[in-house]
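Residues 20 to 340 in the numbering used here are what the sequence shown lists, from first letter to last.
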Amino acid sequence: MIHIPALQQIARAIAELDGLAAFADAAVRHDYRQPEFCNEAAIEIDAGRHPVVERQLDTRLGTFIANDTRLAPTRRMLLITGPNMGGKSTYMRQAALIVLLAHCGSFVPAARCRLGPIDAIYTRIGASDDLASGRSTFMVEMTEAAAILNGATERSLVLMDEIGRGTSTFDGVALAFAIARHLIEKNRAWTLFSTHYFEMTRLVQDYPMCANVHLDAVEHGHKIVFLHAVEEGPASQSYGVQVAALAGMPPAVVREARRRLALLENREVGSATQPDLFASAPPLPEPPHLALDALRDIDPDQLSPREALEKLYQLIKLAKL
C-alpha cells in the first residue's frame, strides 16, 4: 500500500510522455507546424487541414484542400454558405481541432497558426434526438444553442452548423437570424456559422464584423464537382437537387424536384404567409431528358466501333427511364 502513491505518480508521468511522444510523431509524419500564441484578439490559420479527414483521403483522388481561417476584432463571424458535401462542416471542425490541438501542446495541421486568448470551444453540429427524455431533434438543437448563447464570451470559439433546420422555413430563418445577431451583439464570440438560408448573408450589411465566405462548386450538365476551396462572398446556390442525384435518387424523382424548384424560384413573392410547396400550378416544360444530356457529351470521332456500340446501349437504357 505504501508504494501506491509512487506508482500513481510514475503512471501519470508515463502517460504524459506517451501523449507528448504521440504529438511529436504526428507532427513529423504529417507536416504539422508549431502554433504561435499572442495576447492580441485573433485567430489566424494559414492553409489549415482536418487532421482526420486528410488521413482518410485516397491519394489517387488528390490531396486535402487546405484553407485559411482568419478572425479578428473587425471580423468576428464568418457566414459560411455552399453546397451539401461541399466541405462546410469539415472547414468548421478543422478550425476547432487546430485550436484544441494547439492548447493541448501539440503542433497543428497548418502552414501557420497564430492564436489569441481562447477560453472555450462551443459547438452545435450534427442531428440527434433524446426521445427517452422526450426531446426531439429540434429540441436538442435549441437546447444546445441556448447553452452556447448563455455561456460563450468574446474569447470563445463557437461553431454553429445549419441552425434552424428542424422546423418550418420561416421559423428556421427567424431563429437563425436571431441567434446570429445575439452572437454578434451580446456574446461577441469568434463564430463560424454555416447555413443554407441565403437570407442570412444579408447580415453583413448591418454588421461590419460579419463576413460572407463560401465553399465553391461547379456544375457540368446535371453533375456537380466540389472544389472544397473557401472563397470570399456568399454562395450562388445550394445544389441540393444535384447532390440528391449524386446519392442515387431515382431519375424520375430528380426530374420532378427540378421542375418544382424552377416553380418555386420563379414564383412571385407577394404573400405574407409561407408558400405552399405543393400547391397546384401551371405545368412546366419538361427538362431535357437524361438520354439527350448523354448524347450531347458524345464525340463520335473519338469512339471506336466497340465504344460506339456500348454508348448506343447506354442511350437506349437512359431513354427508358
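C-beta: ideal position from N, C-alpha, C; glycine also. None of these values were measured; they are calculated from a predicted model.
Terminal residues of the alpha helix (DSSP H) in which residue i lies
| i | result |
| --- | --- |
| D44 | 23-49 |
| T109 | 107-123 |
| H69 | H69 -> no alpha helix (DSSP H), and no H or E assigned at all. |
| D180 | Taken as a continuous stretch (DSSP letters only), D180 belongs to no alpha helix (DSSP H), being part of the beta strand (DSSP E) at 175-180. |
| I198 | 188-201 |
Bounding residues of the beta strand (DSSP E) (the contiguous stretch that carries residue i)
| i | result |
| --- | --- |
| K205 | Here K205 belongs to no beta strand (DSSP E), and DSSP marks it neither H nor E. |
| T142 | 139-143 |
| T2 | The chain is shown only over 20 to 340; residue 2 falls outside these bounds and no answer can be derived. |
| N169 | Taken as a continuous stretch (DSSP letters only), N169 belongs to no beta strand (DSSP E), being part of the alpha helix (DSSP H) at 156-170. |
| D87 | 86-90 |
| R133 | 131-134 |
Other residues of its chain near residue i: CB distance less than 7 Å, five sequence neighbours each side excluded
| i | result |
| --- | --- |
| D138 | T172, R174, S175 |
| C229 | M96, L98, I203, L222, V223 |
| M158 | none |
| D320 | none |
| A345 | Coverage of the chain is limited to positions 20 through 340, which leaves residue 345 absent and any answer about it impossible. |
| K330 | I317, L322 |
8 Å Cβ cutoff met for residue i and residue j
| i | j | result |
| --- | --- | --- |
| I64 | I117 | yes |
| G67 | D50 | no |
| E181 | H215 | yes |
| V208 | V177 | In the sequence under discussion, the amino acid at residue 208 is Ala, which differs from the Val named in the question. Cβ distance < 8 Å, so A208 and V177 count as in contact. |
| V260 | L283 | no |
| S213 | K107 | yes |
| L134 | P54 | yes |
| A61 | L90 | yes |
| D235 | E250 | yes |
| A114 | L246 | no |
| G185 | T156 | yes |
| L334 | A313 | yes |
| I33 | A248 | no |
| A266 | A276 | no |
Cutoff 8 Å; reference residue i; Cβ partners in own chain excluding five residues on either side
| i | result |
| --- | --- |
| E218 | V192, F196 |
| L39 | G124 |
| H201 | L168 |
| T82 | E73, L76 |
| M111 | I99, I144, L178, D180, L211, S213 |
| T227 | Before going further, note that residue 227 is Pro rather than Thr in the sequence given. Answer for P227: T93, listed in chain order. |
Distance cut-off 7 Å: residue i Cβ against heavy atoms of the ligand NAD
| i | result |
| --- | --- |
| E59 | The model on display carries no ligand, and the ligand NAD is accordingly not part of it. |
Residues near residue i by beta carbon distance below 6 Å, same chain, minus five either side
| i | result |
| --- | --- |
| S257 | P102, H215 |
| N231 | L98, T220, V223, G252, P253 |
| H69 | T109, Q113 |
| P92 | A60 |
| F56 | L134 |
| L194 | G183 |
| P136 | R174 |
Discussion item. With three or more beta-carbon pairs closer than 8 Å as the criterion, would you say the region 133-148 touches the region 161-170?
Written reply: With a cut-off of 8 Å on Cβ pairs, the region 133-148 is in contact with the region 161-170, counting three or more such pairs.
Worksheet entry | the region 123-138 touching the region 95-104, judged by at least three CB pairs closer than 8 Å | The answer is no - the region 95-104 does not touch the region 123-138, with fewer than three Cβ pairs under 8 Å.
Item to complete: List in chain order: all unbroken beta strand (DSSP E) runs of 3+ residues lying wholly within the region 220-289.
Response: Given a length threshold of 3 residues, each whole run of the beta strand (DSSP E) inside the region 220-289 is given here in chain order: 229-239, 242-251.
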